[in-house]
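There are 2 protein chains.
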Amino acid sequence: MLDLKDLSLNIPETTKPRVVIIGGGFGGINLAQKLPGKQFQVVMLDKQNYHGFWPLLYQVATAGLEADAIAEPLRKMFDEDYEDFHFRPVRVTSVNPATKTISTLIGDLSYDYLIIATGTKSNFFGNDQIKQNSFPLKKITDALNLRSQILQCFEKANMTTNAALRQSLLNIVIVGGGPTGVETAGALAEMRKHVLPGDYPGMDFTKMNIYLVEGLDRVLPPMSPESSKKTQAYLEKMGVIVKTKTLVESYDGEVVTFKGGEQIQTQTLVWAAGVAGATLPGIPQEIIQRGGRYPVNLFNQIEGYTDIFAIGDIAMMKSEKYPNGHPGVAQPAIQQGQHLAKNLKRLLAGQELQPFSYFDKGSLAIIGRARAVADLPGKITLGGIIAWFAWLFVHIYYLIGFRNKLVVLSNWLYRFFTYERGTRLIIRPFIRKGDKATETFMKQQAAD
Amino acid sequence: MLDLKDLSLNIPETTKPRVVIIGGGFGGINLAQKLPGKQFQVVMLDKQNYHGFWPLLYQVATAGLEADAIAEPLRKMFDEDYEDFHFRPVRVTSVNPATKTISTLIGDLSYDYLIIATGTKSNFFGNDQIKQNSFPLKKITDALNLRSQILQCFEKANMTTNAALRQSLLNIVIVGGGPTGVETAGALAEMRKHVLPGDYPGMDFTKMNIYLVEGLDRVLPPMSPESSKKTQAYLEKMGVIVKTKTLVESYDGEVVTFKGGEQIQTQTLVWAAGVAGATLPGIPQEIIQRGGRYPVNLFNQIEGYTDIFAIGDIAMMKSEKYPNGHPGVAQPAIQQGQHLAKNLKRLLAGQELQPFSYFDKGSLAIIGRARAVADLPGKITLGGIIAWFAWLFVHIYYLIGFRNKLVVLSNWLYRFFTYERGTRLIIRPFIRKGDKATETFMKQQAAD
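Protein chains in written order, with the numbering used here: chain A, 39 to 486; chain W, 39 to 486.
As structure tokens, then:
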């Protein structure tokens, strides 16, 4: 049998400076694409073998796009045209600044420059009960699980005469009023209107409730108040029940209890309420900032180091314009990755590093068909179909890979004209931890 | 917590005759599409909520198509336009002819006419060791697991200095020279030539061996000897090692041993060697034919019953022209489904049943880019690019759903011009039963 000790990172020896990049997200790939293999050896490590286009993840969860449409294999992005680039699909277990090495599951590797671009993971704020019972929406497997869960709830609702149970199967509570929560709620509302009545002719979908719960006083808190207001109006017009200033206290898999005592029976709690930086052992815990972010200077160097950098969501770069760091979206990661590539080349040439400055291209969120909001630079806010087209254009433009652009665009056009959501397959028997009845049921279903 | 006893089939009472169809494959859907809801109540039961287009399954396993492209949600196919049609995603546990009912995981249901269209499942001929260690290719989850396995083998081969282990990771043994085996071998050979060298610049893919093993004396035994010969020549030209008259004796997950003693070290044994009918408890075991098929008369009635029918792969209909039954492909199932719909209407009208007669439209198999074989009616055999275009046309024509046709066609064109295989994502940590090292590795990878 294959043994872990038979595996090793197998990175060729080199006389060039070795840049080790942990993470193949927006920051990591933009850095690696700009680092010339003639000057550096570049090693990228990621647990997954693909780059995910997370702004479209909610589409996978709501049966609008296939998983493969929003992900691109890293080896395809960095093919033989990238000289001296080495990808390994391995988890990094620690950083060892004293020896200038990192440790992985299958051995150590020395670095000259280390870039931590690990991004974020779901944050349950220490509430293990919620972690156990809710559906996060952060990874491709999360989205596929949530898709199966939602579809299975409809199927079960169609197979019960117990009215209370049916209602709890038809209640979907989305916690977190950021872009993921808003876009998921909007997509589910469209599905309720255009797809589900055809799928389940006997079922009364006026009883299906979509709740969007946000702790602050408005949805999309990072956007302008105008856009928040417009978004909430769009959502409510689509029949989403928006609850702001509402915090979740507990969720046992059956009943969500809010601070203040209000309760909703639901089988599906989507957790889009928070993320925390995916930090690594070896960098002192004391320096970690709010949200699990590493404090970096304007050159992306982590406090206390000159050869360890953090970029993207895991980096907390405070500046005059952004005293609390940059928003946790793709653009700062992309720009920091590209900027750091230039700085590493400057380092090699003995030149001074240049400070990073974020160019805000604006932000966008989609609520539904022809309904979107956009905050553009210069305090311009847009809504409706113009923002919707802007959203479509930007997302397809930034999507990695010609094939993916084609697939997403053709799906979009198809959906626009037919109102369909084509990928409503339950392809995996998702078993929620602790849900013994479903577990037994799915096992019996799958038995051969 | 949700309890199974809270669920029930929930099928409305009816005064019309109730047709219960078990299975949403080619036979089941073609039958249901032709049964008018004005005359019958139609209930379809399937463990999955989708119809799979299995002739393209090998494409999912070899990263050519996304899973969603070859499957169509049954509820989408049978929407509100189908009057009095009821789908339930539930496993049938037995047939009870004495009471004219079936039993499911969540309750019983009476029928007037029962149609068993359950198709086949992988057959390991009682060899539990092979069942445990090999990779079948029969379901969507099988294909996704095999895709992950193959990609993980390449990744591991790239991360070891142990030459014997690397070779065993680069050996892929496909057992079964039918269409699935041939098409998988061809697709892997193309991947080796056009995709993998770019993905793994340092790896020597001349060392990757693709074995295709068949027990009989030629590949594609149901096709003409000319097509078999052409297919083997194509495969060998593409570098596939074809071993006919070779039977597998054992496979422990590391070493496959053939009858006669020859051995090959491999981490990946693809099992495409046999299927058996997915029979149900309640129909007498004694009548079951070779390959787990129910004997049916020319009206598709199972021996001994007038109200229980079997169609497609699970049915063994012997006729003068087909003394051993029909080939286990889509066409007999499609035609029997359509024919049975007519017969059920005749039954209702008090007319005599009409015997089924199979119209052979020919058979096709694809080996690679512009390489295919076709046996047409009238003993015409085709090869090369003409057969390839025929294959493409037929498969896209029969593919369910406009969206799927579009996705598959655009994938195909994209691949034809770029040689790419876009969906090489490892999206699930497949753990082979018993492979503790991989299990530990994957768990550690996935740890949060």
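Ideal Cβ positions, reconstructed from N, Cα and C, are used throughout, including at glycine.
Drop a sphere of 10 angstroms on the beta-carbon of residue i, count the other beta-carbons inside from all chains shown, and report buried for 16 or more, exposed for fewer.
i: V293 of chain A; result: exposed
i: F397 of chain W; result: exposed
i: F455 of chain A; result: exposed
i: T269 of chain W; result: buried
i: E51 of chain W; result: exposed
i: A101 of chain A; result: buried
i: N338 of chain A; result: buried
i: A202 of chain A; result: exposed
i: A136 of chain A; result: exposed
i: K43 of chain A; result: exposed
i: Y35 of chain W; result: Only positions 39 to 486 of chain W appear in this structure, which leaves residue 35 of chain W out of reach.
i: S148 of chain W; result: exposed
i: R470 of chain A; result: Note that R470 of chain A has pLDDT 45, beneath the 50 cutoff, so the model's placement of it is unreliable and the number below is only indicative. By the neighbour-count rule (16 or more Cβ atoms within 10 Å), R470 of chain A is buried.
i: A408 of chain W; result: exposed
i: Q176 of chain W; result: What sits at residue 176 of chain W in the sequence shown is Lys, not Gln. K176 of chain W is buried by the Cβ-count criterion.
i: P93 of chain A; result: buried
i: D106 of chain W; result: buried
i: L451 of chain W; result: exposed
i: G366 of chain W; result: buried
i: K359 of chain A; result: exposed
i: L285 of chain A; result: exposed
i: K417 of chain W; result: exposed
How would you list, in chain order, the residues of chain A whose beta-carbon sits under 7 Å from the beta-carbon of residue i?
i: A109 of chain W; result: L463
i: D166 of chain W; result: Going along chain A, no residue has its Cβ under 7 Å from D166 of chain W, so there is no contact; the nearest lies around 12 Å.
Using a Cβ-Cβ distance cut-off of 8 Å, determine whether residue i contacts chain A.
i: G495 of chain W; result: In the structure as shown, chain W starts at 39 and stops at 486, and residue 495 of chain W therefore has no counterpart that could be examined.
i: K194 of chain W; result: yes
i: I469 of chain W; result: Note that I469 of chain W has pLDDT 41, beneath the 50 cutoff, so the model's placement of it is unreliable and no number is given.
i: R230 of chain W; result: no
i: N200 of chain W; result: yes
i: E324 of chain W; result: no
i: I144 of chain W; result: yes
i: R407 of chain W; result: no
i: K76 of chain W; result: no
i: Y452 of chain W; result: yes
Using C-beta distances below 8 Å, list every residue in its chain close to residue i, excluding the 5 sequence neighbours before and after it, in chain order.
i: L273 of chain A; result: V220, A223, G224, A227, L250, V257, V280 and I405
i: K356 of chain A; result: P333, N362 and G363
i: Q77 of chain A; result: K54, P55, K383 and L386
i: G439 of chain A; result: E110, K114 and M115
What residues from chain A crowd round residue i, counting only those whose CB sits closer than 9 Å?
i: Y88 of chain W; result: R462, L463, I464 and I465
i: N48 of chain W; result: N196, M197, T198, T199 and G240
i: R126 of chain W; result: E193, N196 and M197
Could you give the C-beta distance for residue i and residue j, rounded to a whole number, given that I count them as a contact under 8 Å?
i: Y151 of chain A; j: V57 of chain A; result: 5 Å
i: N161 of chain A; j: G312 of chain A; result: 4 Å
i: G375 of chain A; j: F64 of chain A; result: 7 Å
i: S132 of chain A; j: G320 of chain A; result: 4 Å
i: T419 of chain W; j: S262 of chain W; result: 5 Å
i: A155 of chain W; j: L83 of chain W; result: Not quite, the Cβ-Cβ distance comes to about 10 Å (not below 8 Å), so this is no contact.
i: G157 of chain A; j: I352 of chain A; result: 6 Å
i: V432 of chain W; j: G421 of chain W; result: In fact, because the Cβ distance is near 16 Å, the residues do not count as touching under 8 Å.
Is residue i close to chain W? Criterion is C-beta to C-beta, closer than 8 Å.
i: V313 of chain A; result: no
i: K443 of chain A; result: no
i: D23 of chain A; result: Here chain A comprises residues numbered 39 to 486, so residue 23 of chain A is not present and cannot be evaluated.
i: R113 of chain A; result: yes
Taking C-beta pairs closer than 7 Å, name the residues in chain W that residue i reaches, listed in chain order.
i: L94 of chain A; result: Those do not exist, as L94 of chain A stays about 14 Å from chain W at its closest Cβ, beyond 7 Å.
i: D84 of chain A; result: Within chain W, no residue comes near D84 of chain A; the closest Cβ sits about 10 Å away, beyond 7 Å.
Among residues of its own chain, excluding the 5 on either side of residue i, which ones have a beta-carbon nearer than 7 Å to its beta-carbon?
i: L73 of chain W; result: V57, V80, A379 and L382
Among residues of its own chain, excluding the 5 on either side of residue i, which ones have a beta-carbon nearer than 6 Å to its beta-carbon?
i: D122 of chain W; result: G75 and Q79
i: P235 of chain W; result: F243
For residue i, return the contacting residues in chain W, with the cut-off set at a CB-CB distance below 8 Å.
i: S448 of chain A; result: L444, V445 and S448
i: E118 of chain A; result: P235, G236 and P239
Along chain A, which residues have their Cβ under 8 Å away from the Cβ of residue i?
i: E458 of chain W; result: K114 and R441
Output needed in chain order: residues of the segment 171-197 of chain W with a Cβ under 7 Å from some Cβ in chain D. The structure shown contains no chain D; its protein chains are A and W.
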